[in-house]
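For reference, the structure discussed in these notes is given below.
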Amino acid sequence: MGDAVAEAAPLGAAVAGAALADGGSYPVAPGYRVNVRQGAGTNTALVRQLPAGARVQIRCQMRGQWVVGPYGTSNLWDNIGPGEYVSDTYVHTGSSGMVAPSCMS
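Right, here's the structure in full:
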């Protein structure tokens with residue numbers, strides 16, 4: 003299983019968020035700027051950082067490195083754009099499982 007790592011920078015007090023809103027986007031954990039990676043692990047290149055309060059659309063999901071975040075411990079990663087992945091432990095999907103198709107063909 004390997005070591006689980008944190009993958010975001012906390013900003014302060016958290017506020018409640020909705021699981022899914024209009025447009026099919028999900029909120030990232032309140033109070034965090036979440037790292038967007040090139041692949042499904044913290045050992046892949048940092049592409050950018052989502053601002054606090056961001057929402058993401060999940061295109062597909064895949065298994066990768068285990069991460070500890072505000073929504074638990076998981077190896078599930080969300081693809082939010084071409085070559086852009088965030089740990090599902092920082093996205094409030096309302097589920098501990100997959101909410102989108104697998105990225106693997």
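The number in the working numbering is simply the position in the sequence shown, starting from 1, with 2 added.
We put the CB at the ideal spot given by N, CA and C, even for glycine.
Among the options, the one whose alpha carbon lies nearest that of residue i
i, options, result
"V69", "Q51, V93 and C105", "V93"
"D90", "Q63, T44, V49 and S104", "Q63"
"V49", "G85, P72 and S97", "G85"
"P73", "P103, T95 and Q67", "The amino acid occupying residue 73 in the given sequence is Tyr; Pro does not appear at that position. Checked all of P103, T95 and Q67; the closest Cα to Y73 is T95."
"S97", "N45, P32 and L78", "L78"
"S104", "T46, T75, A42 and G71", "A42"
Residues near residue i in its chain [Cβ-Cβ closer than 8 Å; skip 5 each side]
i, result
"I82", "V38, V58, Q59, I60, R61 and V88"
"T75", "A6, W68, V69 and T91"
Straight-line gap, residue i to residue j (C-alpha atoms, nearest Å)
i, j, result
"A23", "T44", "Note on A23: pLDDT 40, under 50, position unreliable in the model; no value is reported."
"A56", "V101", "18 Å"
"T46", "R65", "14 Å"
"V30", "G99", "16 Å"
"S27", "M106", "21 Å"
Chain-order list of residues whose beta-carbon lies under 6 Å from that of residue i (same chain, five-residue window excluded)
i, result
"D80", "I60, Q63, V88, D90 and V93"
"Q40", "T46, A47, V49 and G85"
Runs of beta strand (DSSP E) lying entirely within the region 20-77, each at least 3 residues, in chain order: 34-39, 48-52 and 62-71
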